[in-house]
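Q: Its first residue numbered 1, the sequence shown is counted upward by one per residue in full-length UniProt numbering.
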Amino acid sequence: MAAASQTDREDNTPFLLRLFCRQGAFHRPEEFASRSLQPSVSVYTWPSCSLSELACQIASERPSLLPHPSIGTRLAFRLFYPDTRGGANASNHDQPRFMSRDMGSVVIGEGAGGSHLAEDDDVEMGDRSPPPPFEEPSDGDITLEQNRYVIGDYVSCAILPPLPDGSVVPEQSAWRDRPGPGPSRGGGGPGGFRGDVSFGRGNTRGRRGGFGDVPSGDWRRGERLPDEGRSRPAGRGGRRWR
């Protein structure tokens, strides 16, 4: 395998791979259909590139993305690729659709490897312990080719810091449908549609905002709202939107 990998890299030109990193969760498919993509890490690599090598690239190119110390951090990878089955909708000028597939994950641990790059600044010369490795070699050795990566696909990396007690976060925690950093499903935060901004609905804080200056309070779908200036303040007796 090593010999084949070496031949691959000597005889073939590397291609550009864009790594999109996020704390706590994967990106969502619709984010890759946008004209303006999220910031990414650009890597020139080969089909034989492994997940451990991608993790080393993140540690060396963008060490600020990793927590400090980084030992125990899980880096989970997911592949995003165009949904070719949606080609029939191209005539309607719809946004492209993307499918996703999990690639595997690696965990920064103790031993030998490249994850020490994120911690070099705080280590005195002569006091360095052996550089920590990436655990779970079964996933770390998986290559882009084995994940059926095609040039032009995107790779999302969910950075999962260890829990307060030092235990490793399970990979499944990155699968939550989150809009970005912050709480899952419905929490505010970058890229979300909930929070202090109102999109036509009143809230229990009595704010007005969004579209049409909807009176404060909670109302049933289809219910006629009171005229402007006669709205009841939301409170214990207020109605709820259903």
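The beta-carbon is built from N, C-alpha and C at its ideal position, and this holds for glycine as well.
#1: Starting from the C-beta of residue 30, find all residues in its chain whose C-beta is less than 6 Å away, skip the five residues before and the five after it, and write them out in chain order.
#2: So does the segment 144-158 actually touch the segment 15-34, counting three or more Cβ pairs closer than 8 Å?
#3: So, with DSSP's three-state summary, where would you put residue 11?
#4: Roughly how many angstroms lie between the CA atoms of residue 44 and residue 150, to the nearest whole one?
#5: Give the straight-line distance between the Cα atoms of residue 189 and residue 146, rounded to the nearest whole angstrom.
#6: Below 8 Å between beta carbons: does that hold for residue 85 and residue 33?
#7: For residue 32, which of helix, strand or coil comes out of DSSP?
#8: What residue range does the alpha helix (DSSP H) around residue 52 cover?
#9: Which term fits residue 148, buried or exposed, when burial requires 16 or more other beta carbons within 10 angstroms of its beta carbon?
#10: Reducing DSSP to helix, strand and coil, say where residue 104 ends up.
#11: Cα separation between residue 142 and residue 51?
#12: So who's on the other strand from residue 279, going by DSSP bridges?
#13: Which residue's Cα is closest to the Cα of residue 15: 152, 171, 162?
#14: Grab the span of the beta strand (DSSP E) containing residue 154 for me, first residue to last.
#15: Contact defined as beta carbons within less than 8 Å: I believe residue 105 pairs with residue 10. What is the distance between those atoms, to the nearest angstrom?
#16: Consult DSSP for residue 25 and reduce its assignment to one of helix, strand or coil.
#17: Since I believe residue 77 is in contact with residue 103 (beta carbons under 8 Å), could you give me their beta-carbon distance rounded to a whole number of angstroms?
#18: Beta-carbon within less than 6 Å of residue 161's beta-carbon, same chain only, minus the 5 sequence neighbours each way: which residues are those?
#19: Taking the straight line between their C-alpha atoms, what separation do you get for residue 81 and residue 75?
#20: Does the Cβ of residue 36 have 16 or more other Cβ atoms within 10 Å, making it buried, or fewer, making it exposed?
#21: Taking the beta carbon of residue 139 as the centre, do at least 16 other beta carbons fall within 10 Å, making it buried, or is it exposed?
#22: Need the endpoints of the beta strand (DSSP E) that residue 41 sits in, please.
#23: Can you give me the C-alpha to C-alpha distance between residue 57 and residue 69, rounded to a whole angstrom?
A: Considering the structure as presented:
#1: Beyond the five residues adjoining it in sequence on each side, residue 30 comes within less than 6 Å, by CB distance, of no other residue in the same chain.
#2: Verdict: yes, contact present.
#3: Three-state result, residue 11: helix.
#4: Take the alpha-carbon of residue 44 and the one of residue 150: they are about 14 Å apart.
#5: Interpretation of residue 189 is limited by its pLDDT of 36, a score under 50 that renders its predicted location unreliable; the figure taken from the coordinates is listed afterwards. Each residue's alpha carbon lies about 35 Å from the other.
#6: No, the pair does not count as a contact, with Cβ atoms beyond the cut-off.
#7: In the structure shown, the three-state DSSP call for residue 32 is helix.
#8: 51-61 is the extent of the alpha helix (DSSP H) around residue 52.
#9: Residue 148 should be labelled exposed.
#10: Collapsing the DSSP output to three states places residue 104 in a strand.
#11: Distance between the alpha carbons of residue 142 and residue 51 is about 6 Å.
#12: The question about residue 279 has no answer, for the chain in this structure spans 1 to 242.
#13: Per the C-alpha coordinates, the member of 152, 171, 162 positioned closest to residue 15 is 152.
#14: 154-160 is the span of the beta strand (DSSP E), which, as asked, contains residue 154.
#15: Going by Cβ atoms, the distance from residue 105 to residue 10 rounds to 29 Å, so no, they are not a contact pair.
#16: In the three-state scheme derived from DSSP, where H, G and I count as helix and E and B as strand, residue 25 is classed as coil.
#17: In this structure, residue 103 and residue 77 form a Cβ contact; the two beta carbons are roughly 4 Å apart against a cut-off of 8 Å.
#18: So the qualifying residues of the chain are 67, 73.
#19: In a straight line, the C-alpha of residue 81 is about 20 Å away from that of residue 75.
#20: Residue 36 counts as exposed, since fewer than 16 other beta carbons sit within 10 angstroms of its beta carbon.
#21: Here residue 139 is buried: its Cβ has 16 or more other Cβ atoms, across all protein chains shown, within 10 Å.
#22: Residues 41-45.
#23: In this structure, the CA atom of residue 57 is about 17 Å from the CA atom of residue 69.
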